[in-house]
Amino acid sequence: MRTWLRFGNRLLFYLLVAFVVVYSVFPFYWAVISSFKPSDALFASNPSFLPLPFTLDHYRNVFLQANFGRNLLNSVVVAGGATLLSLFLGVLAAYALGRLPFPPRNAVLYLVLAMTMFPQIAVLGGLFMLLRQAGLFNTHLGLILSYLLFTLPFTVWVLVGYFKGLPRELEEAAYVDGATPLQTLVRIMLPLTGPGLVTTGLLAFIAAWNEYLFALTFTVGDKVKTVPPAIASFGGATPFEIPWGSIMAASVVVTVPLVVLVLIFQQRIVAGLTAGAVKG
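Under the numbering used here, think of the first position of the sequence shown as 238, with each following residue one higher.
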């Protein structure tokens with residue numbers, strides 16, 4: 238009886254894992270095979286789960302568009318700039334909030350958390366006026382600063398937990414040796430928070446890379462436009478045609494860099510996600 242119960246539990250566990258994997262991977266798999274199918278095969282009554290017939294026309298259409306390469310470069314600049322600036326400011330703020338004693342620390346932490354609760358549409362008008370008045374509308378710097386609205390609070394909140402989990406004896410030993418708080422942060426704390434920095438930076442980069450509303454509102458033309466609004470503006474042969482094949486191909490192209498980053502830093506990501514789970 239126990240053997241059958243153990244077998245049933247294991248079978249249920251594997252079925253659950255298989256369901257989660259299929260549910261998570263299938264949309265991306267369908268986008269990939271759709272990007273290799275001719276347009277008429279995308280709407281067949283009996284769709285195939287293999288890219289048959291096979292074509293590269295959609296990828297040619299994407300890369301033959303004059304501005305898609307520029308859109309990719311804009312996404313790299315904006316997402317990378319927002320991530321680096323968020324990590325720089327977030328490390329300083331998180332170290333102060335996590336390690337340095339001052340009375341309003343908890344209030345500041347809750348204020349940082351509250352900043353993440355506002356939907357983007359609620360602050361869109363105010364940010365638009367600020368960027369126009371500062372002369373940053375339709376600029377890379379304007380987008381980078383606007384993205385800090387959601388990347389910086391996330392970075393600060395996550396890194397505070399990492400800094401709080403570090404042994405206080407390390408700080409005390411550095412202070413005894415005459416180090417300042419900034420020197421202690423740079424020379425002692427930062428090397429120990431490497432996995433946390435990689436994990437937080439990668440998640441912030443993904444959020445900035447996929448952002449749509451700010452990029453659509455704060456840019457005009459293709460000079461600064463990033464990939465998400467560029468893909469949304471793809472047009473077909475007629476005003477009533479939606480080029481799903483080209484959209485799927487472009488989506489695969491912009492997803493590949495994220496997959497590559499995750500594969501490169503997967504060990505540090507796992508270490509960062511599990512940091513603090515075991516206290517020894």
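Cβ coordinates follow ideal geometry from the N, Cα and C atoms, glycine included.
- Judged by DSSP in its simplified three-state form, Tyr251 adopts helix.
- Assigned with DSSP and collapsed to three states, Gln357 falls in helix.
- Taking C-alpha positions only, Asp414 is separated from Ile484 by approximately 59 angstroms.
- Just measuring C-alpha positions, the residue of Thr392, Gly379, Ile270 sitting nearest Leu329 is Thr392.
- If you compare the alpha carbons of Phe280, Pro275, Arg297, Asn298 with that of Pro288, the shortest gap goes to Pro275.
- Rounded to the nearest angstrom, the gap between the Cα atoms of Pro428 and Gly438 is 15 angstroms.
- Annotation: Arg239 to Leu252 spans about 20 angstroms, alpha carbon to alpha carbon.
- Put simply, of Ile443, Pro466, Tyr412, Ala441 the residue whose alpha carbon is nearest the alpha carbon of Phe451 is Pro466.
- Nearest to Phe273 by alpha-carbon distance, out of Arg297, Ala344, Asn311, Val257, is Arg297.
- Closest option to Pro284, judged by alpha-carbon separation, among Trp267, His295, Leu324: Trp267.
- Distances from the alpha-carbon of Phe280 to those of Leu498, Ile479, Leu500, Val493 put Ile479 closest.
- Unbroken alpha helix (DSSP H) stretches of 4 residues or longer found wholly inside the region 335-380: 342-352, 357-370, given in chain order.
- Counting along the chain, the unbroken alpha helix (DSSP H) around Ala486 starts and ends at 481-501.
- Cβ-Cβ distances below 6 angstroms link Met352 to Pro390 in the same chain, with the five nearest sequence neighbours on each side left out; the list follows chain order.
- A distance below 7 angstroms separates the beta carbons of Ala319 and Tyr384.
- With fewer than 16 other beta carbons inside 10 angstroms of its own, Lys401 counts as exposed.
- Taking a C-beta distance under 7 angstroms as the contact criterion, Glu408 and Thr417 do not qualify as a contact pair.
- Residue burial annotation: Asn308 is buried, with at least 16 other C-beta atoms found within 10 angstroms of its C-beta.
- Each residue's CA atom was taken as its position, placing Val435 and Trp394 some 15 angstroms apart.
- Its chain contains Leu495 as the residues whose beta carbon lies nearer than 7 angstroms to that of Ile443, once the 5 sequence neighbours on both sides are disregarded; these appear in chain order.
- Secondary structure note for Gly402: it is in no alpha helix (DSSP H), with a DSSP letter that is neither H nor E.
- Under the three-state reduction of DSSP, Asn246 is assigned to helix.
- Straight across, the Cα-Cα distance linking Ser271 with Leu337 is about 53 angstroms.
- Closest in alpha carbon position to Ala441, among Thr292, Leu334, Leu386, Gln503, is Leu386.
- When only Cα atoms are considered, Gly327 and Phe339 end up about 18 angstroms apart.
- In the DSSP assignment, Thr421 falls within the unbroken alpha helix (DSSP H) covering 418-421.
- Rounded to the nearest angstrom, the gap between the Cα atoms of Leu310 and Asn246 is 49 angstroms.
- In terms of Cβ geometry, Val313 and Leu380 do not form a close pair [threshold 7 angstroms].
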